[in-house]
Each structure stands twice: as structure tokens, then as C-alpha cells.
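Written below as C-alpha cells is the structure these notes are about.
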Amino acid sequence: DVKVTQSSRYLVKRTGEKVFLECVQDMDHENMFWYRQDPGLGLRLIYFSYDVKMKEKGDIPEGYSVSREKKERFSLILESASTNQTSMYLCASRLSYQPQHFGDGTRLSIL
Amino acid sequence: GQQVMQIPQYQHVQEGEDFTTYCNSSTTLSNIQWYKQRPGGHPVFLIQLVKSGEVKKQKRLTFQFGEAKKNSSLHITATQTTDVGTYFCAGPPSNTGKLIFGQGTTLQVKP
Numbered sequence: 001d002v003k004v005t006q007s008s009r010y011l012v013k014r015t016g017e018k019v020f021l022e023c024v025q026d027m028d029h030e031n032m033f034w035y036r037q038d039p040g041l042g043l044r045l046i047y048f049s050y051d052v053k054m055k056e057k058g059d060i061p062e063g064y065s066v067s068r069e070k071k072e073r074f075s076l077i078l079e080s081a082s083t084n085q086t087s088m089y090l091c092a093s094r095l096s097y098q099p100q101h102f103g104d105g106t107r108l109s110i111l
Numbered sequence: 112g113q114q115v116m117q118i119p120q121y122q123h124v125q126e127g128e129d130f131t132t133y134c135n136s137s138t139t140l141s142n143i144q145w146y147k148q149r150p151g152g153h154p155v156f157l158i159q160l161v162k163s164g165e166v167k168k169q170k171r172l173t174f175q176f177g178e179a180k181k182n183s184s185l186h187i188t189a190t191q192t193t194d195v196g197t198y199f200c201a202g203p204p205s206n207t208g209k210l211i212f213g214q215g216t217t218l219q220v221k222p
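Each protein sequence line maps, in turn, to chains A and B. Each residue of the first sequence is one higher than the last, beginning at 1 in the working numbering. Each residue of the second sequence is one higher than the last, beginning at 112 in the working numbering.
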């Protein structure tokens with residue numbers, strides 16, 4: 001079974017902090033994704049990566065950056081956290097055009 | 112950009128009643144995927160439809176892909192309390208590696 005592991009289930013940070021969310025997958029998938037999930041808005045794509053050191057902006061990249069130094073790890077960075085970034089963050093990975101496998105999510109609160 | 116709209120946003124049914132959620136894309140999709148997210152969980156892949164007019168069944172769940180490949184539906188016959196959750200459709204814009212998710216339909220089933 002594919003395992004996508006997100007480093008924290010719950011995280012509380014303060015406005016202005018730099019925040020790192022980590023995601024690791026164990027199935028050698030080339031594609032990895034970061035979404036945020038908010039009530040009534042579904043899953044919105046922040047960034048995705050189709051290879052090491054490659055990244056592409058999704059629909060809502062503002063205020064975020066990503067890093068993919070190794071194939072199995074995809075990090076989401078909030079450069080200067082703001083209260084409107086309080087949300088559930090979901091990481092996903094997939095092989096080629098196969099279905100996506102999601103992690104358990106990180107519920108991030110920015111105070 | 113491409114949009115995927117899902118209706119209804121919420122549906123409450125009595126156990127044993129049927130349920131349908133509809134998904135419409137602003138552009139033609141190469142395929143449509145359906146995911147289910149249980150309360151407190153992460154989205155889990157259910158099925159993928161590829162062909163125009165395709166119909167697939169999983170026990171009490173019936174999935175359809177429209178002739179024009181711009182819409183899809185999920186129908187659950189005789190709902191059970193285990194069907195509770197949010198159902199998402201998702202489709203890839205042409206020639207991209209990302210998925211656009213609908214807003215989801217949250218199903219509540221009263222026993």
C-alpha cells in the first residue's frame with residue numbers, strides 16, 4: 001500500500017512565523033501535490049511537482065513556496081504566516097496519471 | 112481557468128433513500144475521478160472513468176461519465192450510514208499533470 005506521511009496532524013503557529021509542512025511518500029512517485037481544504041471550497045491546489053527540483057504553481061500559490069530536494073519528500077513553506085492561511089493542508093502523490101494518494105492532512109492554525 | 116462544479120453542496124437523506132451528486136466541468140476532461148472523504152479522514156480514490164458515456168458500478172454506487180466528457184454523476188442506491196462523507200469529483204485539464212477538484216458534496220444519512 002502507498003503511504004503518504006505528513007509530519008504533523010495539528011500545528012499552531014503565530015502570525016509572521018515561517019512555517020514548514022513536510023510530506024513523505026514511500027512509493028517512488030514522481031508527482032506530488034499540496035492542497036488546502038476549506039469548507040465549501042473543496043480542495044484547492046497550491047503547488048505541485050513532477051520531478052525533483054521541479055515545481056509548478058497551482059491555483060492559489062500566493063504566500064506559499066515549495067521545495068523538492070529528494071523524490072520522496074515535498075515541503076510546503078509559508079514564508080510569513082497569516083491568519084487567512086489557517087486551514088487543512090493535504091499532501092498527495094501519484095505515479096504518472098494514476099489516482100492520487102493522500103496523506104492524513106495537517107490542520108494548521110495561525111494565531 | 113478550468114472549473115469543476117459539484118451539486119448539491121449538502122444532502123441529508125434517510126437511510127435507505129437514494130442519493131445522487133452531479134459534477135460539471137467548464138472544459139472537456141480526458142477522465143474523471145471520484146474520491147470519498149470520511150469525517151476526519153482524507154480523500155480516498157473510488158473510481159476513474161475515461162470513455163465517453165462510460166458507466167461503472169461498485170456495489171450500490173453507480174458512476175457515469177457524460178457523452179461530451181464534461182459532466183459526471185455518482186448515484187448511491189439505498190444509502191447506509193457507512194456512506195456518510197464528502198464525495199469529490201476531479202478531472203485533469205488537458206496536457207497537465209494536475210487535478211481540478213469539485214467543491215464536494217457532503218452526505219449525511221439518518222438512521
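Even glycine gets a Cβ: it sits at the ideal position worked out from N, Cα and C.
Quick one: residues in its chain with C-beta nearer than 7 angstroms to the C-beta of residue 160 of chain B, no 5 flanking neighbours on either side, listed in chain order? Annotation for residue 160 of chain B: 142, 143, 167, 174, 176, 183 place their beta carbon closer than 7 angstroms to its own, counting only its chain and skipping 5 residues before and after.
Would you mind reading off the limits of the beta strand (DSSP E) that contains residue 119 of chain A? Because chain A here runs from 1 to 111, residue 119 of chain A falls outside it and cannot be looked at.
Cβ-based burial, residue 119 of chain B [other Cβ within 10 Å; buried from 16]: Note on residue 119 of chain B: under 16 other CB atoms within 10 angstroms of its CB, so exposed under the neighbour-count rule.
Consult DSSP for residue 84 of chain A and reduce its assignment to one of helix, strand or coil. Helix.
Check whether the Cβ atoms of residue 76 of chain A and residue 21 of chain A sit closer than 9 angstroms, and answer yes or no. yes
Rounded C-beta distance between residue 48 of chain A and residue 209 of chain B? I'm assuming under 8 angstroms. 5 angstroms
Proximity to residue 17 of chain A [Cα-Cα], best of A:80, A:103, A:34: A:80
From residue 57 of chain A to residue 127 of chain B, what distance separates their C-alpha atoms? 43 angstroms
Inter-residue Cα distance where the pair is residue 124 of chain B and residue 70 of chain A: Taking the straight line joining both Cα atoms gives about 46 angstroms.
Does the CB of residue 22 of chain A have a neighbour CB from chain B at under 9 angstroms? no
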